[in-house]
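Q:
There are 2 protein chains.
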Amino acid sequence: MQISELGEFNLIKRLTESVKLHNASSAKGIGDDCAVMNYGEKQVLATTDVLLEGIHFDLTYTPLKHLGYKSAVVNFSDIYAMNGQPKQLLVTIGISKRFEVEQIEELYSGLLLACSKYKVDLVGGDTSASLTGLTISITCLGEGENGKTVYRNGARQTDLICVSGNLGASYMGLQLLEREKRVFCQVKDPDFQPDFATKEYLLERQLKPEARRDIIDELAKHNILPTAMIDVSDGLSSEIMHICTQSNCGCEIYEDKIPIDYQTAVAAEEFNMNLTTVALNGGEDYELLFTAPLKDYDKLKEIEDVHIIGHITKQDDGMNLVTRDGQRIAFKAQGWNSLKE
Amino acid sequence: MQISELGEFNLIKRLTESVKLHNASSAKGIGDDCAVMNYGEKQVLATTDVLLEGIHFDLTYTPLKHLGYKSAVVNFSDIYAMNGQPKQLLVTIGISKRFEVEQIEELYSGLLLACSKYKVDLVGGDTSASLTGLTISITCLGEGENGKTVYRNGARQTDLICVSGNLGASYMGLQLLEREKRVFCQVKDPDFQPDFATKEYLLERQLKPEARRDIIDELAKHNILPTAMIDVSDGLSSEIMHICTQSNCGCEIYEDKIPIDYQTAVAAEEFNMNLTTVALNGGEDYELLFTAPLKDYDKLKEIEDVHIIGHITKQDDGMNLVTRDGQRIAFKAQGWNSLKE
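Those protein sequences? They're chains A and B, same order as listed.
Residue numbers for the first sequence follow the working numbering, beginning at 1 and rising by one.
Residue numbers for the second sequence follow the working numbering, beginning at 1001 and rising by one.
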């Protein structure tokens, strides 16, 4: 059977459905942003990501320092999505012969800049030759307080659905970069300068995203413990379905509440794309999507850059987007792949 | 600068020499078999390895189930090399389109078999498309007792140097597989059957190695705490140099004490290779190389499959192999790459 017939989520399910946990220290296995381990007073969180040249990044327009930074940050984001603090990083790279030492140093300088900014220690890794392209594989360990780790499966009926920041900007940044690359390949002029004026924010969201430590800090400061949380890497649509499926509930998300930056809107118009589709399925936003009890409404309203976009319903009601004109549209099981292909 | 000019160890050194540890939980960073974290009563050990098609494995002769098994076991070996117990595994794979679901299931069945045998839980990972070949990246977490974690830097003058099992067999297994592959490519007969009779042990050492949990258990049973330990992945020569350099000491290893299986000797003869070179630099043995105080001599002699091969000297005496005819030859800084290229 071809892997494309099955899809990524089903492949993972098929490969791991027989997995059972036996060790006392294994608190939570496959199926969340991180694995969770009990090794004493603190919970240990672990997440891992692989970034492959040509699949996850294109070195035509991705500076290596930015790539290093982003590779680290997307892992920190997974730790924050469990309400934890990232602490250690292990970095493995496979390098083909076309790379020079100085380039790998650039990559590392980005990694270390992210570590420094987020107060994470680089503690280990592995370096290898590669026959083709650049392979980056990162594992991040983090610390969680017992009883405060937030999973995907804790959303309850009437909970508010919140998201930080805004959505779709990173995806539009990618579209811009891809367009300028196509133009560059056509004009074949080495002095060609891409035109990104007024689009800087979109590029930054794509090339140098940040993880929302500030939101985790604000939630703690306001004494709010989310009932479920996930970071938006594949797109809001895909992530809210993970929360609802694992929490055995439904949801209503209001189209007019989805936070979108004006630059994203302008770019979507320019590319003749549906703005809501971009925001729902673009992905790589690395914002936090979480649910919280209704009683926290007033406190949530006080936190800057957190937006209440809907609420949790009972499972039978399904997972729905309520459009501007009041229609209910069921979310479909599509990740970012469906949009990009 | 080309990476080949610098070499793997120097590249890692250059990339990581500015790294400092800031978090209280980071007990040991780069430079050992594992990173070590303090998260309460237990120490958390973490190790990561990347395996790239064409560099670390050749699917012409590597069954996917064996590959999965080996990928897991080599990580367990790193945890044992710290005197810890492996507990959790995170597995990331990049898969190109030529793979079918059933093949990835084969790979996973090997991974899970290893997990089951070594009592390790598969707790997470990531699956991605890949443009070229198969990429496997594994992180293993393990548990260490406070005060009993063994690093590379604890060897002291007069300590005994010990190694488990035997050396060079895996490397000769690889030579056999490579030879039969060349023959197969020449005859172009799809019914061609390679001739591996009487060589099964060498193939098993290459394709399905085991990690030496039994040695860790025996050492504990005999109340022996090694002063330094490392697993033999790059070759005895390279590993003893890591121990000596990090412990600021020298060593004498006796050529006639190096344990070698007779099948390894027969194959080295057949390939017209120097047997000692094969044993010293072959690598992928996944045996444990450790040092222990002289007072433990009698206890060490009691443990089956542990061989005393030399002793630690002072740094000024250098790192030497004492040959059968009594000559002293300084170990050179060569990993497995030098032998294979």
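Glycine residues also receive a C-beta, built at the ideal position from the N, C-alpha and C atoms.
Evaluate the contact criterion for the stretch 1090-1098 of chain B versus the stretch 42-51 of chain A: three or more CB pairs, one atom per stretch, below 8 Å.
A: Touching, yes, given that three or more Cβ pairs across the two stretches are closer than 8 Å.
Q: Identify the residues that DSSP records as bridge partners of Leu1288/B: which are they?
A: Asp1231/B, per the DSSP bridge assignment.
Q: Report the neighbours of Gln1246/B on chain A: residues whose CB is nearer than 7 Å to its CB, in chain order.
A: Near Gln1246/B there are no residues of chain A at all, since even the closest Cβ is about 15 Å away, more than 7 Å.
Q: Compute the Euclidean distance between the alpha carbons of Leu1111/B and Val1036/B, then round it to the nearest angstrom.
A: Roughly 24 Å separates the two Cα atoms.
Q: Does the stretch 272-279 of chain A come close enough to the stretch 145-155 of chain A that 3 or more CB-CB pairs lie under 8 Å?
A: No, they do not touch.
Q: Using a beta-carbon distance cut-off of less than 8 Å, what residues from the stretch 116-133 of chain A approach chain B?
A: Of all residues in the stretch 116-133 of chain A, Lys119, Val120, Asp121, Leu122, Val123, Gly124, Gly125, Asp126, Thr127, Ser128, Ala129, Ser130, Leu131, Thr132, Gly133 have a Cβ within less than 8 Å of some Cβ in chain B.
Q: Along the beta strand (DSSP E) that carries Ile312/A, what are the first and last residues, could you check?
A: Start and end: 306-314.
Q: If you check the beta carbons only, do Val150/A and Leu236/A fall under 9 Å apart?
A: Not closer than 9 Å, so no.
Q: If we count Cβ pairs, one from each stretch, closer than 8 Å, do we get three or more for the stretch 1001-1012 of chain B versus the stretch 1057-1070 of chain B?
A: Contact fails: fewer than three Cβ-Cβ distances are below 8 Å.
Q: Quick one: is Lys1340/B near chain A, going by C-beta distance under 9 Å?
A: In this prediction, Lys1340/B scores a pLDDT of 38, lower than 50, which makes its location untrustworthy; no coordinate-derived value is stated.
Q: Please report whether the beta-carbon of Lys42/A lies at a distance below 9 Å from any beta-carbon of chain B.
A: Chain B contact via Cβ: present.
Q: Report the CB separation of His1311/B from Leu1160/B in whole angstroms; it is logged as a contact under 8 Å.
A: About 6 Å; that satisfies the 8 Å criterion.
Q: Ala1279/B and Tyr1080/B look like a contact to me (Cβ under 8 Å); what is the Cβ gap, rounded to whole Å?
A: About 21 Å separates the two Cβ atoms, so there is no contact after all.
Q: Using 8 Å for Cβ pairs, my map puts Asp305/A next to Val232/A. What's the rounded Cβ distance?
A: Not quite, the Cβ-Cβ distance comes to about 14 Å (not below 8 Å), so this is no contact.
Q: From the DSSP secondary-structure annotation, give me the bridge partner or partners of Thr1135/B.
A: In the DSSP output, where bridge partners are listed per residue, Thr1135/B has Leu1052/B, Gly1094/B.
Q: Going along chain B, which residues have a C-beta under 8 Å from Tyr151/A?
A: Ordered by position in chain B, no residue passes the 8 Å Cβ test against Tyr151/A, which lies about 13 Å from the chain.
Q: Classify Tyr1039/B as buried or exposed, calling it buried when 16 or more other Cβ atoms lie within 10 Å of its own Cβ.
A: Buried, because 16 or more other Cβ atoms sit within 10 Å of the Cβ of Tyr1039/B.
Q: Ala1035/B CB to nearest chain A CB: under 9 Å?
A: Yes - at least one Cβ of chain A is within 9 Å of the one on Ala1035/B.
Q: With distances taken Cα to Cα, identify the nearest neighbour of Ser130/A among Gly1142/B, Ser1004/B, Arg1328/B, Glu1143/B.
A: Nearest C-alpha to Ser130/A: Ser1004/B.
Q: Which chain A residues sit within Cβ distance under 8 Å of Ile1104/B?
A: Within chain A, the residues near Ile1104/B are Ile3, Leu11, Leu15.
Q: For Tyr118/A, report the span of its alpha helix (DSSP H) as first-last.
A: Taken as a continuous stretch (DSSP letters only), the alpha helix (DSSP H) holding Tyr118/A covers 101-118.
Q: Who are the near neighbours of Gln246/A in its chain, counting only those whose CB is closer than 6 Å to its CB and skipping five residues on each side?
A: Around Gln246/A: Arg152, Asn153.
Q: Just the Cα atoms here: how many angstroms apart are Ile1136/B and Arg1098/B?
A: Between Ile1136/B and Arg1098/B, the C-alpha separation is close to 16 Å.
Q: How would you call Leu67/A, buried or exposed, if buried means at least 16 neighbouring beta carbons within 10 angstroms?
A: Buried is the call here.
Q: Is the distance from the Cβ of Ala1169/B to the Cβ of Leu1202/B below 9 Å?
A: Taking 9 Å as the Cβ cut-off, Ala1169/B and Leu1202/B qualify as a contacting pair.
Q: Report the residue from Gly1031/B, Gln1088/B, Pro1086/B whose alpha carbon sits nearest the alpha carbon of Gly124/A.
A: Of the listed residues, the one whose Cα sits closest to Gly124/A is Gly1031/B.
Q: Please classify Arg1324/B as buried or exposed, where buried requires at least 16 neighbouring CB atoms within 10 angstroms.
A: Result: exposed.
Q: Going by DSSP in three states, Ser1338/B sits in which element: helix, strand or coil?
A: In this predicted model, Ser1338/B has a pLDDT of only 36, less than 50, meaning its place in the structure is not dependable; the value taken from the coordinates is given anyway. DSSP places Ser1338/B in helix when its eight states are reduced to three.
Q: Could you name the residues of the same chain whose beta carbon sits closer than 7 Å to that of Glu17/A, not counting the 5 residues immediately before and after it, in chain order?
A: Nothing meets the Cβ criterion.
Q: Between His1311/B and chain A, is the shortest Cβ-Cβ distance under 9 Å, so that the two count as touching?
A: With 9 Å as the cut-off, His1311/B does not count as an interface residue toward chain A.
Q: What do you get for Gly326/A, buried or exposed, if any count of 16 or more other CB atoms within 10 angstroms of its CB means buried?
A: Gly326/A is exposed by the Cβ-count criterion.
Q: Name the two residues that bound the continuous beta strand (DSSP E) containing Val163/A.
A: Looking at the DSSP string, the run of the beta strand (DSSP E) that includes Val163/A is 160-164.
Q: Taking C-alpha atoms, which residue in Val187/A, Lys181/A, Asp189/A, Cys185/A lies nearest to Phe196/A?
A: It is Lys181/A.
Q: With distances taken from CA atoms, which of Val1163/B, Lys1020/B, Gly1283/B, Gln1315/B is nearest Ser1238/B?
A: Nearest option by C-alpha distance: Gly1283/B.
Q: So, does the CB of Tyr108/A fall closer than 9 Å to a CB anywhere in chain B?
A: With 9 Å as the cut-off, Tyr108/A counts as an interface residue toward chain B.
Q: Can you give me the C-alpha to C-alpha distance between Lys208/A and Asn75/A, rounded to a whole angstrom?
A: About 13 Å.
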